[in-house]
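Just below is one structure, and these are the notes that go with it.
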Amino acid sequence: KGMKERKHLVEAELQQAESRIKTTDNLVEGRLVSSTDRVEKEVRSTRLCYHTPMCFC
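Position one of the sequence shown corresponds to residue 1 (full-length UniProt numbering), numbered consecutively onward.
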């Protein structure tokens with residue numbers, strides 16, 4: 001009985017850890033997306049556009 005309970009606890013902890021990791025992954029991805037957005041906006045606002053293939057305007 002003791003082993004079963006311990007296994008259950010360990011599984012619960014694993015699930016918690018996994019969801020925590022997912023949350024941090026999402027946060028990091030969100031931050032990356034927002035920082036690249038910011039960079040693109042700055043590039044758009046500062047650069048004169050000649051309608052190159054990499055045009056952001």
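Where a beta carbon is used, it is the ideal one built from N, C-alpha and C, also for glycine.
Look at Lys7 here: in three-state DSSP terms it is helix.
Lys1 sits in coil when the DSSP states are folded into three classes, being neither helix nor strand. Counting only the Cα atoms, Thr24 lies some 26 Å from Lys7.
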